[in-house]
Every structure is written in C-alpha cells, then in structure tokens.
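Heads up: the protein sequence lines correspond to chains A and B, in order. For the first sequence, counting from 1, position 58 maps to 58 in our numbering; every step adds exactly one. For the second sequence, counting from 1, position 226 maps to 226 in our numbering; every step adds exactly one. Glycine included, each C-beta is placed from N, C-alpha and C at the ideal position. Please read these numbers as outputs of a predicted model, since none were measured by experiment.
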Amino acid sequence: MAYKETLQIRRDPRSLAIALLMPLMQMLMLGYGVSLDIKHVPLCLYDQENSQNSRLLADDFVSSKWFSVSRVLTSEEGIRDAMDRGECVAALVIPSNFSRRLAMTKRASVQAIFDATDVNTTNIALGYAQGIMARTSTLPSTVDFEPGTWFNETLDSRNFIIPGVIAVILALVGAQLTSLTISREWERGTMEQLISTPISASEVLVGKLIPYVAIGFINAGFCLVSAVYWFGVPFRGSMGTLFVTTSLFIVVVLGIGYLISVRVRSQLGASQIALLVTMLPTTLLSGYTFPIDQMPQAIQAISLVVYPRYFVTILRAIFLKGSGLDDLWMPVSGLAIYAIVIVWLASTAFRKRLD
Amino acid sequence: MMENAILVSHLGKSFGEVKAVRDISFSVTRGEIFGLVGPDGAGKTTIMRMLAGVLQPDEGEIDLDGLDMLKDAENAKLHLSYMPQRFGLYEDLTVSENIFFYGELFSVPRAERISRSRELLEAAGLLPFGKRLAGQLSGGMKQKLGLVCALIHTPRVLLLDEPTTGVDPVSRRDFWAILYNLRESGVTIVLSTAYMDEAERCSRLALLHEGKIRHCDTPSRLKESMPGALISIFSGNPRKTREVVSNQPGVLGVLLMGDRIHVRVDDAATRIPELEKLVSGQGEFEIRIAEPGIEDVFVALLDEREEA
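This is the structure we're talking about:
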C-alpha cells in the first residue's frame with residue numbers, strides 16, 4: 001500500500017512539489033518574516049527651539065539603534081503629513097520654551113506622537129522612547145515625557161488587524177474561485193470543444209472573470225459592513241478611495257487566480273497553488289500581522305512584490321487615517337502596476353491549443 | 001464538379017518520441033461522410049484534433065473549404081463544428097442553456113438561435129427535455145444534444161470523434177438519420193469510429209493503423225480489393241473450430257465473429273471441401289461463402305502488410 005502511494009505521489013510531481021514547498025515556504029516566511037524586535041523606528045523630529053539642549057536630547061534618539069530619523073520637520077502640520085505618507089511612525093516634538101523651562105524650573109517636557117495604526121510597533125517604540133528619556137544623561141535636569149498616540153487612540157489591535165483581514169479574505173476567496181474556472185473546463189473535458197470554437201482568448205478571460213468580479217465586490221461590501229458595524233472599526237476615509245483601490249486589488253487577485261487556472265489543468269492542483277500564492281504572502285508578508293518595516297532588509301525587498309502589502313497599507317490608511325488617493329499614491333501605484341502586469345499576462349496566457 | 005471541402009496533405013504529429021500520425025493525406029468531397037477507421041491508438045483522435053484546429057501539426061497542410069487551417073484557424077473555425085470524444089456539454093447546465101451557450105460562442109443571432117434550436121431538438125427527439133440538466137440525460141441523449149450544440153451555427157464541415165461510442169443501438173440509428181439529413185443539405189462530415197458496422201455507412205473510408213493511412217476508398221471498393229475469399233463457418237464451438245482451421249494450408253486469416261468464424265482463404269472452391277472435412281468431426285456445422293465486412297477487409301489488409 002505504502003509503495004503504491006509512493007508511486008502515485010512520484011507520478012504527480014505537482015502535488016509533490018506543493019507538498020514539499022508549502023512547509024518550506026511557511027518555515028521561511030515564519031522564520032524570517034516574524035520579527036517582534038523592532039529597530040530603527042522611523043522618527044520625525046520637530047525641534048521648535050533648536051538650541052544646544054534640544055539638540056542634545058534629539059541626539060539621544062538619533063544615535064540610538066531603536067530610532068532612525070527619517071525627516072526633520074518645521075511645522076506641526078508636517079507631522080500629520082509625514083504620518084499619512086507613512087514616512088514616520090513616531091514624531092518627537094521639542095517645544096520652543098524647552099531650554100528656558102529647564103533653566104528656570106529644572107523641569108521641561110517633550111512630546112512624542114505615535115502612529116498607532118500598527119499597535120505592535122507603537123507599543124514597543126513607546127517603550128524605547130521612555131527608556132531613552134530615562135537614561136538621558138546629557139541633560140542636567142528632568143525632562144518629562146508626554147507620549148500621545150494618533151489615529152488609533154485606543155491602541156486597539158482589532159482596528160489594526162481587521163482592515164488586513166479584509167485583504168486576506170478578498171485575496172483568498174478571489175484567487176481560489178478563479179483558479180478553478182479554466183482548470184474545471186480541462187478536467188470536465190469541455191475545453192477541447194471550447195477551443196474548437198472561434199472564441200478569442202480575451203473573450204474567455206473577460207467572460208470568466210466578470211462573475212468573480214461581482215463576487216469580489218459583494219465580499220468586499222460584506223467585509224466593510226461587518227468591520228464597521230460588527231467590529232466597530234472606525235471608517236474615516238472616503239468610499240470613493242475604497243472603491244478604486246478595492247477594484248484594483250480584485251483585478252490583481254482574480255488575474256492571479258486565472259493565470260494559475262490556465263497553467264494548471266486540474267482543479268485540485270490549481271486551488272492548492274492559489275492557496276500557496278495568496279494565503280501565505282497575504283498573512284505573513286503583507287504586514288497584516290507582522291510589520292513590514294521591522295522585517296530584515298531582504299524580506300522587506302521581497303515584500304515589495306507581495307501585492308497584498310499594498311492593499312493592507314491602503315486599507316489601514318483609509319480606515320484609520322482617512323487618507324485619500326493623493327496620500328496613498330505609492331501603494332496605489334504599486335497595486336496599479338501589479339494590476340496592469342497581471343491583466344497583460346492573463347490576456348496572453350490562454351492558448352487555444354491542446355498541446 | 002466535385003469540390004473538395006477538406007484537403008489534407010502530408011500531415012504529421014509527434015508527441016515527444018512517439019510519432020502519433022505520419023504522412024496523412026486525403027481529401028473529402030463536399031457532402032461526403034468520410035470515415036476514419038482504426039483500432040484505439042491508431043491516431044484517429046489526433047487527426048480529428050488537427051482538423052479541428054485545436055492541435056498544431058508538426059508538418060503538413062490542412063485546407064478547409066479554401067481556408068488554411070494552420071494560418072487562418074480562427075476564421076476556419078467559424079465554418080466547422082467539432083465534437084470531441086468527450087463532448088463539451090456542461091452537465092450543470094440544462095439542455096437549452098447548453099445550446100444557447102454554443103450559439104453564443106458562434107455569435108448566432110438570438111432569433112435564429114431560438115428557431116434553429118427548436119428545429120434541431122425536434123429532429124433529435126429532445127424537445128421535451130429542454131429544461132433538464134444535461135448531466136441527467138442518458139448517454140444517447142447526451143450525444144444527440146452534443147450534435148444539436150455542434151449544429152447550432154449551421155457549420156459547413158462537421159467533425160465527429162467517435163460520436164456513437166457507448167450509445168445504444170436505437171439512439172445510434174437516430175443519430176445516423178440526422179447525419180444523413182445533414183449530408184443531404186450539403187454538410188461535409190468527417191467522423192472517426194472503431195465500430196466496423198458504422199464504418200460501412202460512410203461514403204468513403206480511410207483505414208488507419210499505427211498512425212498511417214493504409215487504405216482509402218469507398219466501402220464496396222475496399223471489400224473488392226480484399227485478397228482471397230471469405231468463408232463463414234458456423235459451429236457449436238467456434239473457438240475450437242478456429243484452432244483447428246488456423247494452420248491449414250491456404251488459410252490466410254481467421255477471425256472470430258460471435259457464434260461463427262470468418263476464414264479468409266486463397267481459393268474458396270478448393271478450400272471449402274477441405275475445411276468441411278476438418279470441422280465435420282465437431283458435430284453440427286454450416287459452411288458457406290460470405291460477403292466480407294469492413295472488419296474482414298481491415299484485418300485482411302493489415303495481414304497483407306505484415307506479410308509483405
């Protein structure tokens with residue numbers, strides 16, 4: 001029996017590959033993708049005073065490995081802007097009366113603001129900031145530290161997770177469903193007939209995907225409603241932005257499912273591959289659970305091609321920050337490029353030949 | 001003037017190392033029913049697929065009604081209809097939905113689609129089953145539905161790959177009645193079959209063996225060309241009889257046909273008495289000269305090949 005099984009597995013190299021690659025990829029992604037040690041948190045510096053004292057304090061942040069200064073700001077509004085664009089997760093504000101108050105009262109305060117859309121990072125970065133403030137030896141006197149969080153004031157990780165879950169669901173369901181469409185025709189023997197008709201490859205593509213686009217939007221609508229009304233996640237963005245970005249994502253996901261379906265002639269194989277290319281990157285490398293900016297450089301680079309990361313970023317920003325398309329131009333264009341490439345590939349992938 | 005609807009020249013196709021078909025050349029006249037006959041693995045399906053434009057030949061040319069199948073496949077496909085062995089019926093769609101879908105694929109106008117599908121369903125005796133799921137039809141009904149779907153766009157050429165395999169005799173007769181009607185209306189039909197009785201209904205046949213056309217002619221001329229004469233022996237124990245006569249001088253071939261055997265001999269007049277004597281020891285028997293069927297011809301011609 002075992003021998004027969006072994007023979008069967010060996011005669012099906014695709015399933016074998018999946019069986020071997022799946023755990024391997026999981027190991028790689030889990031091993032490298034998961035990093036709860038946070039270093040080099042991008043920090044914006046807004047030094048209103050710009051005195052020797054204030055610079056000494058700022059240097060403590062600059063020189064620590066926990067933070068890296070991504071931008072020096074000159075206005076209060078700049079903080080909001082930088083956070084919207086994702087250029088910083090934390091902002092340190094040193095007030096203009098900093099040295100004066102230190103000299104007069106031996107006590108001064110600085111303000112630190114955190115983008116709490118990613119609760120994990122925020123909590124850890126907050127701890128680092130407090131540590132630096134406590135150890136700061138360059139200043140003669142006590143500096144009070146006033147932390148504040150923006151966007152996700154309650155530090156509720158649900159608000160951080162749920163938008164990501166929407167991306168996961170759309171990716172999983174979308175690619176799974178479409179991965180079956182073409183392979184089903186092969187499996188049931190209807191493909192031979194279909195390709196003997198004058199139907200064009202693009203007609204097949206469009207005809208196959210339209211129903212699934214509709215299903216994708218229904219899913220997205222359902223997710224939105226349950227996120228807002230069931231989980232109570234604040235929705236601060238515009239429906240327009242959400243619609244445009246969701247459309248792009250659905251196109252990408254369905255296109256990927258279709259590509260798989262065209263290449264793989266069995267339904268089982270197609271759905272397994274679809275699972276592999278959607279679930280793993282979506283859950284592990286999209287920043288849905290593990291913050292991307294805390295992954296090793298190499299994995300960060302890989303995550304650039306992981307399409308769900310753009311959508312996870314976009315969804316969080318729309319939900320929690322109320323960002324518009326102008327703020328999100330980077331991830332949106334990433335997603336758009338993806339969509340164009342996928343559609344192009346999908347439209348040329350289907351060949352009306354048996355061999 | 002006889003017009004060629006299909007002209008195939010020097011067609012060849014290999015799958016890896018295996019040469020599936022080699023140097024296939026034949027022509028089919030408009031309104032003919034042309035049969036590709038041969039055992040499983042002879043290359044029937046491969047030829048059909050290349051004719052249908054779903055398989056790219058390695059070499060050779062196919063001219064389909066003046067259109068080059070290899071260079072202008074999409075255009076040629078408009079005028080032909082191909083029914084694969086595993087017909088592309090969507091079992092989870094109803095009879096009418098299937099017809100409608102194929103009509104759409106060939107851009108048949110809606111009104112024409114409705115009137116034509118009614119007409120075809122009626123001819124196939126499927127009219128009462130319009131709302132039934134295709135998956136719930138019997139084998140014969142499925143094949144007839146397949147034919148209806150294949151005919152919805154009024155093709156000029158119909159390609160049928162083993163259309164009646166697994167179909168009961170009554171449905172098979174209905175099926176052929178439809179084919180004869182089509183031929184009357186000028187449709188050219190190419191079909192493949194492993195059934196020899198079906199082969200006899202074709203106007204011309206190509207006998208295929210191991211990827212090559214061995215003979216190509218009308219059924220009656222093929223029968224005439226069979227070397228030797230055919231004797232039919234009926235006996236109580238045909239297997240035993242076959243054993244006994246097999247190695248006799250003058251016997252060219254023996255074929256078991258149910259309760260009788262067909263013996264091909266060099267000369268009937270001299271061999272009948274000899275064989276009579278031989279089988280008389282086995283009880284009741286009947287021996288006579290028989291009309292060769294296509295199966296006899298096929299086997300005989302292949303035997304000749306091997307001996308040569």
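Nearest neighbour of residue i, chosen from the options [CA to CA]
i                      : options                       : result
residue 293 of chain B : B/199, B/213, B/14 and B/206  : B/199
residue 122 of chain A : A/160, A/98, A/100 and A/101  : A/160
residue 114 of chain B : B/91, B/303 and B/96          : B/96
residue 312 of chain A : A/321, A/333 and A/287        : A/287
residue 29 of chain B  : B/52, B/158 and B/135         : B/158
residue 116 of chain A : A/109, A/125 and A/265        : A/125
residue 204 of chain B : B/222, B/211 and B/214        : B/222
residue 293 of chain A : A/68, A/333 and A/191         : A/68
residue 193 of chain A : B/224, B/176, B/80 and B/208  : B/80
residue 315 of chain A : A/331, A/272 and A/343        : A/331
residue 124 of chain B : B/162, B/239, B/172 and B/94  : B/172
residue 121 of chain B : B/111, B/275, B/296 and B/148 : B/148
residue 353 of chain A : B/25, B/46, B/257 and B/287   : B/46
residue 54 of chain A  : A/110, A/166, A/278 and A/187 : A/110
residue 8 of chain B   : B/69, B/296, B/40 and B/179   : B/69
residue 229 of chain B : B/296, B/155 and B/83         : B/296
residue 335 of chain A : A/310, A/349 and A/345        : A/310
residue 52 of chain B  : B/40, B/67 and B/255          : B/67
Rounded Cβ spacing between residue i and residue j (contact assumed at less than 8 Å)
i                      : j                      : result
residue 231 of chain B : residue 290 of chain B : 6 Å
residue 281 of chain B : residue 265 of chain B : No, residue 281 of chain B and residue 265 of chain B are not in contact; Cβ-Cβ is about 19 Å, not under 8 Å.
residue 140 of chain B : residue 167 of chain B : 5 Å
residue 285 of chain A : residue 253 of chain A : At roughly 15 Å, the Cβ-Cβ gap does not stay under 8 Å, so residue 285 of chain A and residue 253 of chain A are not in contact.
residue 5 of chain B   : residue 210 of chain B : So it is not a contact: roughly 27 Å between Cβ atoms.
residue 114 of chain A : residue 49 of chain A  : 22 Å between Cβ atoms; not a contact.
residue 37 of chain B  : residue 193 of chain B : 6 Å
residue 136 of chain B : residue 175 of chain B : Their Cβ separation, rounded to whole angstroms, is 19 Å, which puts residue 136 of chain B and residue 175 of chain B out of contact at 8 Å.
Residue i (DSSP reduced to helix, strand or coil)
i                      : result
residue 295 of chain A : coil
residue 81 of chain B  : strand
residue 32 of chain B  : coil
residue 93 of chain A  : strand
residue 248 of chain B : coil
residue 56 of chain B  : coil
residue 367 of chain B : Outside the displayed range of chain B (1 to 308) lies residue 367 of chain B, so it cannot be described from this structure.
residue 53 of chain A  : helix
residue 297 of chain B : helix
residue 98 of chain A  : helix
residue 24 of chain A  : Confidence at residue 24 of chain A is low in this model, with a pLDDT of 47, below 50, so its placement is unreliable and the value that follows should be read with caution. Three-state DSSP puts residue 24 of chain A in a helix.
residue 64 of chain A  : coil
residue 208 of chain A : helix
residue 128 of chain A : helix
residue 236 of chain A : coil
residue 350 of chain A : coil
residue 162 of chain A : helix
residue 256 of chain A : helix
residue 366 of chain A : Summary: the structure shown does not reach residue 366 of chain A, with chain A confined to residues 1 through 355, and so no result is reported for it.
residue 152 of chain B : coil
residue 237 of chain B : coil
residue 169 of chain B : helix
residue 222 of chain A : helix
residue 360 of chain A : Any answer about residue 360 of chain A is impossible in this case: the structure gives chain A only from 1 up to 355.
residue 345 of chain A : helix
Chain C contact for residue i (CB, 8 Å cutoff)
i                      : result
residue 280 of chain B : Absence of chain C from the displayed structure is noted, the protein chains being A and B.
Residues, ordered as in the chain, of the stretch 1-30 of chain B that lie near chain A by beta-carbon distance below 8 Å | 15
Interfacial residues, the stretch 56-73 of chain B to chain A, with Cβ spacing under 9 Å = 56 and 73
Is the stretch 38-47 of chain A touching the stretch 72-91 of chain A, taking contact as three or more C-beta pairs under 8 Å?
-> yes
Segment contact, 8 Å Cβ cut-off, at least three pairs: the stretch 208-221 of chain B with the stretch 178-191 of chain B | no
Looking at C-beta atoms only, is the number of pairs between the stretch 4-15 of chain B and the stretch 51-62 of chain B that lie closer than 8 Å three or more?
-> yes
Inter-stretch contact (C-beta, 8 Å, three-pair minimum) for the stretch 335-342 of chain A and the stretch 245-255 of chain A = yes
Could you name the residues of the stretch 343-354 of chain A whose beta carbon sits closer than 8 Å to any beta carbon of chain B, in the order they occur along the chain?
-> 352, 353 and 354
Going along the chain, which residues of the stretch 79-94 of chain B sit with their C-beta nearer than 9 Å to a C-beta in chain A?
-> 80, 81, 82, 83, 84, 85, 86, 87, 88, 89, 90 and 91
How about the stretch 209-220 of chain A and the stretch 166-185 of chain A: do they share at least three Cβ pairs that are nearer than 8 Å?
-> yes
Select from the stretch 33-54 of chain B all residues with a C-beta closer than 9 Å to any C-beta belonging to chain A, and list them in chain order.
-> 49, 52, 53 and 54
Do three or more CB pairs link the stretch 310-324 of chain A to the stretch 230-242 of chain A at distances below 8 Å?
-> yes
For the stretch 173-193 of chain A, which residues have a beta carbon sitting closer than 9 Å to at least one beta carbon of chain B?
-> 185, 188, 189, 190, 191, 192 and 193
Interface residues of the stretch 98-119 of chain B facing chain A [CB-CB below 7 Å] | 105 and 106
Segment contact, 8 Å Cβ cut-off, at least three pairs: the stretch 175-191 of chain A with the stretch 263-277 of chain A | yes
Taking only beta carbons into account, state which residues of the stretch 190-220 of chain A come closer than 8 Å to chain B, listed in chain order.
-> 190, 191, 192, 193, 194, 195, 196, 197, 198, 199 and 200
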